[in-house]
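Here the protein sequences line up with chains P and C, keeping their order. Note that numbering that gives the first Met the number 0 has the first sequence beginning at 0, numbered continuously upward. Note that numbering that gives the first Met the number 0 has the second sequence beginning at 0, numbered continuously upward.
Protein chains: 2
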Amino acid sequence: MNEQSILSRVLPQLEQGDDIVIPPGDDCAAVDVGGDRLLLIAADQVIANTHYDTADTTPQEAARKLLKRNVSDIAAMGGTPAHGVLTIAAGFKDEQWFIDFFEGVADEARKWDISICGGDLSSTKSCDEVCSLTITGWVDRDKVALRANAKDGDSIFCTGELGNSYSSRHHLTFTPRVEAAQFLCGEFTNTMMDLSDGVGLDLERMCIASEIGARVDVDALPLRNGANIDAGLSDGEDYELLFSVPEAKVDALISSWPFKELKLTKLGVFTNLISGIQYVVHNKEVEVEYKPGFDHFR
Amino acid sequence: MNEQSILSRVLPQLEQGDDIVIPPGDDCAAVDVGGDRLLLIAADQVIANTHYDTADTTPQEAARKLLKRNVSDIAAMGGTPAHGVLTIAAGFKDEQWFIDFFEGVADEARKWDISICGGDLSSTKSCDEVCSLTITGWVDRDKVALRANAKDGDSIFCTGELGNSYSSRHHLTFTPRVEAAQFLCGEFTNTMMDLSDGVGLDLERMCIASEIGARVDVDALPLRNGANIDAGLSDGEDYELLFSVPEAKVDALISSWPFKELKLTKLGVFTNLISGIQYVVHNKEVEVEYKPGFDHFR
Numbered sequence: 000m001n002e003q004s005i006l007s008r009v010l011p012q013l014e015q016g017d018d019i020v021i022p023p024g025d026d027c028a029a030v031d032v033g034g035d036r037l038l039l040i041a042a043d044q045v046i047a048n049t050h051y052d053t054a055d056t057t058p059q060e061a062a063r064k065l066l067k068r069n070v071s072d073i074a075a076m077g078g079t080p081a082h083g084v085l086t087i088a089a090g091f092k093d094e095q096w097f098i099d100f101f102e103g104v105a106d107e108a109r110k111w112d113i114s115i116c117g118g119d120l121s122s123t124k125s126c127d128e129v130c131s132l133t134i135t136g137w138v139d140r141d142k143v144a145l146r147a148n149a150k151d152g153d154s155i156f157c158t159g160e161l162g163n164s165y166s167s168r169h170h171l172t173f174t175p176r177v178e179a180a181q182f183l184c185g186e187f188t189n190t191m192m193d194l195s196d197g198v199g200l201d202l203e204r205m206c207i208a209s210e211i212g213a214r215v216d217v218d219a220l221p222l223r224n225g226a227n228i229d230a231g232l233s234d235g236e237d238y239e240l241l242f243s244v245p246e247a248k249v250d251a252l253i254s255s256w257p258f259k260e261l262k263l264t265k266l267g268v269f270t271n272l273i274s275g276i277q278y279v280v281h282n283k284e285v286e287v288e289y290k291p292g293f294d295h296f297r
Numbered sequence: 000m001n002e003q004s005i006l007s008r009v010l011p012q013l014e015q016g017d018d019i020v021i022p023p024g025d026d027c028a029a030v031d032v033g034g035d036r037l038l039l040i041a042a043d044q045v046i047a048n049t050h051y052d053t054a055d056t057t058p059q060e061a062a063r064k065l066l067k068r069n070v071s072d073i074a075a076m077g078g079t080p081a082h083g084v085l086t087i088a089a090g091f092k093d094e095q096w097f098i099d100f101f102e103g104v105a106d107e108a109r110k111w112d113i114s115i116c117g118g119d120l121s122s123t124k125s126c127d128e129v130c131s132l133t134i135t136g137w138v139d140r141d142k143v144a145l146r147a148n149a150k151d152g153d154s155i156f157c158t159g160e161l162g163n164s165y166s167s168r169h170h171l172t173f174t175p176r177v178e179a180a181q182f183l184c185g186e187f188t189n190t191m192m193d194l195s196d197g198v199g200l201d202l203e204r205m206c207i208a209s210e211i212g213a214r215v216d217v218d219a220l221p222l223r224n225g226a227n228i229d230a231g232l233s234d235g236e237d238y239e240l241l242f243s244v245p246e247a248k249v250d251a252l253i254s255s256w257p258f259k260e261l262k263l264t265k266l267g268v269f270t271n272l273i274s275g276i277q278y279v280v281h282n283k284e285v286e287v288e289y290k291p292g293f294d295h296f297r
């Protein structure tokens, strides 16, 4: 299945109402429900033995991952999570599996003040359970961040470290960057997304949405222990923030960054001079080879 | 898996925020987002070879069923559908399957003015695709129908016909009762649910929610062609409305019912004199044996 090819054919057929102020294509859609806030909405799945290995992942960990990857989508828009609706298709699970899974759901929901207010449980004939969460959130109309706002000369920043998410178990243990995103939005950026499919592919998406090119300093990539450049660009499941900062605000951002435990890295610049992404070392273009590992529809 | 047993253990752990004015337990949850309208939210799945037989169901039909069973949950609260978020976990499907499935999604969404504004596509190793839809809707605060409002002496009504949904293909071809529900809500009822798991089980749920008993006239059951009493009570997937009407409004309802093609049937009465459901023929109690076929979490 080539997801991008499918979506390019089917998305244009899905008509959007006048209340949809941010249509599919960003980390969340946004709905105008009246008032100063926009209602954000997104959905994501975790599938056994696709998004986690049942051999070394507890049901609680799988549940936490499901919630956190959805929270990360709300964070990417500068929002605050609000409600969740959960469906599970599971085969051959005993009651204890559900008790354990929902323990993870309840704990993680409590952390983010999410009301899990509906859902559905069904049986499948497959061993590999499919768990799907729809999340909503709220964001101030004048603070919402999109992928489409990057401008010529803006710096490209990311939080945290990149690559080797799967074997380091970062994909299970990560913290969605809600607090950092809210610090950034409105004040320092209005162009943001979460890094779920690798910065190589995700930055390309931001460039396409913003109709701009990017130059990335390969030496700057904040690689996680065990990650080489290929892994840093393509492993995916980093769940960090990728965002643009106007040149005039870069120094203020760096000096005021309040999250001592969270790396803040300038990866490069957005530029009108090129199309696509140019990778450089000491300002000299280099070839990087990477194979995008993940390709999801958000 | 015993769904009811699981839910009774896990639901109390899911904390609900102050904005959740109708918590899990009805066909939809309802969220106070300010203003006169409540935001309804619910989710349901269709799973290949559980909810439809891939041998005789087109992808378009499966997609329509997914949307319609969610629309039916919005209808059950007296609401109007608004937004949908769709996730698909599919294995071994070619691109044409997705094109066909989304054709069904887009057509059905257009009928009900639903903006399908987000989602996720992922691969599984299972042959049986799992498709999950979260739906939102709007309902006037003073017109919303719950399961919990039935009163002693209220008549029990349902729309349409019951039983034999699967082999008659009603489960694929049905029309969600949005229009009928909106006619009823506020004016004739504030106690309603959709019949998805068979009137035997669903009426029991309404009785428990309303803390009341019910007497059902077995001869009155509007059986679909090919359905016996057992099937009418237990087959499920009728997607009709079950609702209570105060005695004083029964004649007005019957005389003003504007849907010529849609049966309206009085099944019996709610009563404080008994607990549980009593089935009668000519006012004499009879034993009915039925095995609930469906047991979903909504």
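Just so it is clear, CB atoms sit at the ideal spot from N, CA and C, and this is done for glycine as well. Fair warning: this is a prediction, and the values are worked out from it, not measured in the lab.
Spatial neighbours of residue i in its chain, beta-carbon cut-off 7 angstroms, leaving aside the 5 residues before and after
| i | result |
| --- | --- |
| C/T86 | G118, D119 and S131 |
| C/L222 | E160, L161, G162 and G231 |
| P/D99 | T57, P58 and Q59 |
| P/R297 | At P/R297, the pLDDT of 28 sits below 50, so the modelled position is not reliable and the matter cannot be decided from this model. |
| C/A47 | T53, D127 and E128 |
| C/P175 | K67, V70, S71, A74 and Y238 |
| C/E102 | Q59 |
| P/F91 | C126 |
| C/D31 | D18, V20 and L37 |
| P/D35 | D139 and R140 |
Assumed close pair residue i, residue j - CB separation to whole angstroms, cut-off 8 angstroms
| i | j | result |
| --- | --- | --- |
| P/F187 | P/K248 | 5 angstroms |
| C/V70 | C/V177 | 6 angstroms |
| C/S121 | P/Q44 | 5 angstroms |
| C/L145 | C/D25 | 6 angstroms |
| C/G77 | C/W137 | 10 angstroms between Cβ atoms; not a contact. |
| C/V268 | C/V217 | Not quite, the Cβ-Cβ distance comes to about 14 angstroms (not below 8 angstroms), so this is no contact. |
| P/S166 | P/G225 | 7 angstroms |
| C/S154 | C/S243 | 7 angstroms |
Any chain C beta carbon closer than 8 angstroms to residue i
| i | result |
| --- | --- |
| P/S80 | Before going further, note that residue 80 of chain P is Pro rather than Ser in the sequence given. For P/P80, the answer is no, since every Cβ of chain C falls outside 8 angstroms of its Cβ. |
| P/Q181 | no |
| P/E288 | no |
| P/A42 | yes |
| P/R297 | Because P/R297 carries a pLDDT of 28, less than 50, the predicted location of this residue cannot be relied on, and the following value inherits that uncertainty. So, interface residue. |
| P/E107 | no |
| P/A74 | no |
| P/V268 | no |
| P/N224 | no |
| P/V280 | no |
| P/V84 | yes |
| P/N163 | no |
| P/V177 | no |
Other residues of its chain near residue i: CB distance less than 6 angstroms, five sequence neighbours each side excluded
| i | result |
| --- | --- |
| C/S209 | A147 and A149 |
| P/A89 | E128 |
| P/L194 | D201, D237, E239 and L241 |
| C/I253 | none |
| P/H170 | S164 and E236 |
Identified DSSP bridge partners for residue i
| i | result |
| --- | --- |
| C/P23 | C/D25 |
| C/D234 | Per DSSP, none; premise fails for C/D234. |
| P/H50 | None; P/H50 has no bridge partner. |
| P/Y278 | P/V215 |
| P/M192 | P/L241 |
| P/Q44 | P/S131 |
| C/G83 | C/I115 and C/I134 |
| C/C184 | C/T188 |
| C/A88 | C/S121 and C/V129 |
| C/R36 | C/D139 |
| C/C157 | C/L241 and C/T264 |
| P/T270 | P/G212 |
Test: residue i CB closer than 8 angstroms to a CB of chain P
| i | result |
| --- | --- |
| C/I5 | yes |
| C/V143 | no |
| C/D112 | yes |
| C/Q12 | yes |
Close-in-space but distant-in-sequence residues of the same chain around residue i (CB under 8 angstroms, 5 per side omitted)
| i | result |
| --- | --- |
| C/T270 | D151, G152, I211, G212, A213 and R214 |
| P/Y51 | V45, E60, A61, K64, H170 and L171 |
Chain A contact residues for residue i, given Cβ-Cβ distances below 7 angstroms
| i | result |
| --- | --- |
| P/A88 | The chain labelled as chain A is not found among the protein chains of the depicted structure, namely P and C. |
Checklist entry - Listed from N- to C-terminal order along the chain, which residues in the segment 47 to 59 of chain P have their beta-carbon within a distance smaller than 7 angstroms of any beta-carbon of chain C? => result N48 and T49
Checklist entry - What residues in the segment 126 to 137 of chain C have a beta carbon less than 7 angstroms from any beta carbon of chain P? => result D127, V129, S131 and T133
Checklist entry - Listed in chain order, which residues of the segment 17 to 40 of chain P have Cβ atoms closer than 8 angstroms to some Cβ of chain C? => result D18, I19, P22, P23, C27, A28, V30, V32, G33, G34, L38 and I40
Checklist entry - According to a CB-to-CB cut-off of less than 7 angstroms, which residues of the segment 115 to 126 of chain P neighbour chain C? => result I115, C116, G117, G118, D119, L120, S121, S122, T123, K124 and S125
Item to check | Contact set between the segment 185 to 219 of chain C and chain P, restricted to residues whose Cβ is under 7 angstroms from the partner | outcome: none
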